[in-house]
Amino acid sequence: MLSRIVQMVADAQRSRAPIQRMADSVSGWFVPLVILIAVVAFVIWSVWGPEPRMAHGLIAAVSVLIIACPCALGLATPMSIMVGVGKGAQAGVLIRNAEALERLEKVDTLVVDKTGTLTEGSPTVTGIISLNPGGEASLLRVAAAVEKGSQHPLGMAVVRAAQHRGIMIPAVSDFNAPSGKGVSGDVEGQRVVIGNELAMQENSIVIDNQKAVADTLRMEGATVIYVATDGYLAGLIAISDPVKATTPDALKALRQAGIRIVMLTGDNQLTAEAVARKLGIDEVEAGVLPDGKKAVITRLKASGHVVAMAGGRCK
0 MLSRIVQMVA
10 DAQRSRAPIQ
20 RMADSVSGWF
30 VPLVILIAVV
40 AFVIWSVWGP
50 EPRMAHGLIA
60 AVSVLIIACP
70 CALGLATPMS
80 IMVGVGKGAQ
90 AGVLIRNAEA
100 LERLEKVDTL
110 VVDKTGTLTE
120 GSPTVTGIIS
130 LNPGGEASLL
140 RVAAAVEKGS
150 QHPLGMAVVR
160 AAQHRGIMIP
170 AVSDFNAPSG
180 KGVSGDVEGQ
190 RVVIGNELAM
200 QENSIVIDNQ
210 KAVADTLRME
220 GATVIYVATD
230 GYLAGLIAIS
240 DPVKATTPDA
250 LKALRQAGIR
260 IVMLTGDNQL
270 TAEAVARKLG
280 IDEVEAGVLP
290 DGKKAVITRL
300 KASGHVVAMA
310 GGRCK
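According to numbering that gives the first Met the number 0, the sequence shown is numbered sequentially starting from 0.
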């Protein structure tokens, strides 16, 4: 990993920004022009200058070459890029190429992922509502079994909660995790489906009588996932992810720089708005699946903005 980082920084320092290519292009015709002017100066001073004419002509020609030397023009841009990339690496920011560094100056809109970017990315279970006789432990047990096959931060929070309570997590079979649509699997003969409203709808699971409860939790900033067993809603799990301590200051600096901030999340609108209120973010794009991020970026760019994305990948 360290060698890859070092190589990435070295490649970025060697890459050429558009402005550098323009400087090189200018240098290409600037040098012959300067030489021509130096020759003309030499001829003029050698023919019509004071005595000793040849000496004055030579001094004039050399003076033109020294004053108009394009060395600074050719070196200024690559040196600036090398210093900028190096300073970025020292601050923990890896700039992959010079063009990205140059374009960053023109950015006026920053789209930011919520989970793991604005928040710590280490969510914890803050509430469990079981609708089955087995209670919270039973619900958490089957949920953790399925979520153990997921690498999603919310799924890992459920697994950690079960482990913290000393619950033995059973094995899961026929595990499935469609992008942005929850997870499912068979646990001890039960078909378990975990996810948001969309996941429940696609599996024909009725959740209407628990929507008000879920919305109350969301207005407090929690993410709510539904757990269903054998086609019936078994309960809800509320998961919260604290805001990073550095986030408010970072957002303040961005606003002072005139950057428009848009929060992007796959979370429910109520949860997203609750987090946005805490951070003073006015624009929220909620309920966006991983495959839909690119569409949001494209729409913002189509309105004339230069957009940067901080957080997850745009597919």
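Just so it is clear, CB atoms sit at the ideal spot from N, CA and C, and this is done for glycine as well. Remember, it's a predicted structure, so these values are computed and weren't measured experimentally.
Within 8 Å, strictly: CB atoms of residue i and residue j
i, j, result
"Ala143", "Ile168", "yes"
"Val279", "Leu253", "The displayed chain sequence assigns Gly, not Val, to residue 279. For Gly279 and Leu253, no; Cβs fall outside 8 Å."
"Arg140", "Ala170", "no"
"Phe41", "Ala59", "yes"
"Ala221", "Gly126", "yes"
"Pro152", "Gly115", "yes"
"Asp107", "Ile258", "yes"
"Ala211", "Leu138", "no"
"Thr123", "Val242", "no"
"Val305", "Lys180", "no"
"Ala307", "Leu103", "yes"
"Ala271", "Val283", "yes"
Residue i - partner residues in DSSP beta bridges
i, result
"Asn175", "Ser183"
"Arg190", "Asp185"
"Met262", "Val111 and Val283"
"Val306", "Thr108"
"Val242", "Thr118"
Cut-off 6 Å between Cβ atoms - residues of its own chain near residue i, not counting five sequence neighbours on either side
i, result
"Met0", "Low local confidence applies: a pLDDT of 48 at Met0 is under 50, so the model's placement there is unreliable, with the coordinate-based value given in what follows. Counting only Cβ-Cβ distances below 6 Å, and skipping sequence neighbours, we find nothing."
"Trp28", "none"
"Arg190", "Asp229"
"Asn202", "Val192"
"Glu135", "Ile127 and Ser129"
Same chain only: Cβ atoms within 7 Å of residue i, ignoring 5 sequence neighbours per side
i, result
"Ile4", "In this prediction, Ile4 scores a pLDDT of 47, lower than 50, which makes its location untrustworthy; no coordinate-derived value is stated."
"Gly286", "Gly265, Asn267 and Gln268"
"Ala213", "Val223 and Leu235"
"Leu216", "Gly126, Val223 and Ala237"
"Ile206", "Glu196, Met199, Tyr225 and Leu232"
Close-in-space but distant-in-sequence residues of the same chain around residue i (CB under 8 Å, 5 per side omitted)
i, result
"Ser149", "Met155, Ala176 and Val182"
"Gly303", "none"
"Leu178", "Here residue 178 turns out to be Ser, not Leu, going by the sequence shown. Contacts found: Leu288, Pro289 and Asp290."
Supposed close pair residue i, residue j - CB separation, criterion 8 Å
i, j, result
"Val192", "Ala227", "5 Å"
"Asp112", "Ala275", "Their Cβ separation, rounded to whole angstroms, is 13 Å, which puts Asp112 and Ala275 out of contact at 8 Å."
"Ile296", "Val157", "So it is not a contact: roughly 30 Å between Cβ atoms."
"Gly194", "Tyr225", "7 Å"
"Arg52", "Ser45", "5 Å"
"Ala67", "Val33", "4 Å"
"Ala37", "Leu64", "5 Å"
### Task
Could you name each continuous beta strand (DSSP E) segment of 3 residues or more that falls completely within the region 215-240, going from the start of the chain to the end?
Complete beta strand (DSSP E) runs here, min 3: 222-228 and 231-239.
### Task
Could you tell me which uninterrupted alpha helix (DSSP H) segments, each at least 4 residues in length, are contained entirely in the region 85-158, listed from first to last along the chain?
The region 85-158 contains these whole alpha helix (DSSP H) runs: 97-103 and 134-146.
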